[in-house]
Amino acid sequence: MSGQTVAIDARLVAGASTGDSSYWSGLIYGLERIETTLRFLLFSNAPRPAGIPESERFQWIHLPAPHSRWWSWVAFPLRARKLGARAIHTQYNLSPLAGAYGITTVHDVSFFIGPEWFQPKDRMLLQRMVPSSVRRAKRVIAVSHTCQGEIERYIPEAKGKTRAIYNGLPPWVKRVDDPTPVLQRLGVEGRYLLTVGTRWPRKNMGLAVLAAGLAGQKLVVTGKAGWGDQPEGAHIQAVGYVSNDDLCALYSGAALYLAPSRHEGFGIPVIEAFACGCPVLCSTGGALPEVAGDAAVVEPTWEAAHWGETIRETLSNSSKIEGLRQRGLARVQQFDWVDSARQTAEIYREVLD
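One point on numbering: in my numbering, the residue at position 317 of the sequence shown is 999, and numbering is uninterrupted.
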């Protein structure tokens, strides 16, 4: 049995809902629903959260450690080996102690593409740590074909061992038929545009703020504060971090979702908006056009005036809005965590064999 055991760094599963936590929660959700003889050890420095399977195939290992770096580089791989795991799956940071059977998921390499989007300490750490992890990994998972190409461009050693596997739609995302009660509780009134995400430079929320203002539209902003420029203006309503259910209501009630990011390795909020029937206007940042396909309006410029005009034109065309809704609902069917988990399990098999 130990030869078929995969250890997964599941620390982010117990944290706040972000793109990275969504990846691990979704992967575990999908792995639980596929037929496989693989056994999974889910390691975390926190107790098992609700909704995480506990069965013969899935075991939650609560492994406290005084320092996150020590946990990643020493405590986790050593305990995984002691419990019989051969393959070890992490994101970005893969310890040398993972041995010859390491798998790392790289969500993006924006720290190379736009180093100015990062605090100096974080940038230097990522630029050193991620290439080293990729070089020692047996397999690398990229979350889009765009992401795969960028990884291989900046880290040539990734060529030949990197595979693109799309993220899936988080299973909790559901369209809300009547979002009014939630919107009233949050104090959101009238027509509004929506943008979601931690507010740091890469997310480029200043563009959404300016464009919404030029279009004469209210912009609801949800997510953590982050760092860098924060959204300001009479037309801005910041609701902070909200629950998953409230977020679905915000998507469902929005006239348009804005994704102005300078770069994304995937862009999970785009498919969340699609699933909730919310039309999307996105940038050309990274994988956003790949993920959106023909289901979103893709604005090729970074000029607020152009974005403002595109917002006005889109909102004034009811048939275009309805077409975007329908294409989004169709497009999101291509992003399924069970399919993604099946592809990931194939990688586990390749590594173990």
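The C-beta atom is built at its ideal place from N, Cα and C for all residues, glycine as well.
CB contact flag (residue i, residue j, <7 Å)
i: G990; j: A893; result: yes
i: A762; j: Y783; result: no
i: V1033; j: K820; result: yes
i: L713; j: A1023; result: yes
i: G850; j: D691; result: no
i: S726; j: R751; result: no
i: V864; j: D790; result: no
i: A1027; j: T718; result: yes
i: A824; j: I837; result: no
i: T877; j: K906; result: no
i: P852; j: S737; result: no
i: L672; j: P802; result: No answer is possible for residue 672: the residues shown for the chain start at 683 and end at 1035.
i: G895; j: H917; result: yes
Alpha-carbon spacing of residue i relative to residue j, whole angstroms
i: T862; j: G935; result: 8 Å
i: M683; j: L776; result: In this prediction, M683 has a pLDDT of 43, which is less than 50 and means its spatial position is unreliable; what the coordinates show is noted afterwards. When rounded, the distance between both Cα atoms is 24 Å.
i: T904; j: C958; result: 16 Å
i: L875; j: W753; result: 41 Å
i: I835; j: M811; result: The sequence as given places Arg at residue 835; Ile does not occur at that position. Each residue's Cα considered, the two are about 16 Å apart.
i: I993; j: G708; result: 32 Å
i: L720; j: W742; result: 15 Å
i: A978; j: V870; result: 24 Å
i: R857; j: N926; result: 12 Å
i: L940; j: V924; result: 18 Å
i: P813; j: V822; result: 11 Å
i: W882; j: K764; result: 40 Å
i: V788; j: W755; result: 17 Å
i: H988; j: P982; result: 9 Å
Beta-carbon proximity list for residue i, same chain, < 8 Å, skipping 5 on both sides
i: H827; result: A846, A969 and E972
i: K843; result: A819, K820, R821 and V822
Same chain only: Cβ atoms within 6 Å of residue i, ignoring 5 sequence neighbours per side
i: P942; result: N886, L889, A890 and S965
i: P731; result: A696
i: W854; result: N926
i: P746; result: N727
i: S711; result: For the record, residue 711 in the displayed sequence is Tyr; it is not Ser. Taken in chain order, the residues that qualify are P853 and W1019.
Proximity test, Cβ basis, 7 Å: residue i and chain C
i: G781; result: This model lacks chain C altogether, as it is built from one protein chain only.
Beta-carbon separation (whole angstroms), residue i vs residue j, contact threshold 8 Å
i: W799; j: R944; result: 7 Å
i: P1053; j: H744; result: Since the first residue of the chain shown is 683 and the last is 1035, residue 1053 is not available in this structure.
i: G766; j: T687; result: 5 Å
i: L997; j: V962; result: With a Cβ gap of about 13 Å, L997 and V962 do not count as contacting.
i: V902; j: L932; result: 6 Å
i: F793; j: Q809; result: 6 Å
Beta-carbon proximity list for residue i, same chain, < 7 Å, skipping 5 on both sides
i: Q1025; result: I847
i: E839; result: V816 and R817
i: A974; result: V952, V962, C964 and V980
i: V1014; result: L851, I953, F956 and A957
i: R739; result: R721 and F722
i: G947; result: H789, D790, V825, S826, C829, G968 and A969
For residue i: DSSP bridge partner residues
i: G922; result: T904
i: T828; result: Answer is none; T828 lacks a bridge partner.
i: R821; result: I785
i: V688; result: F722 and A769
i: C964; result: A941 and V980
i: A846; result: A824
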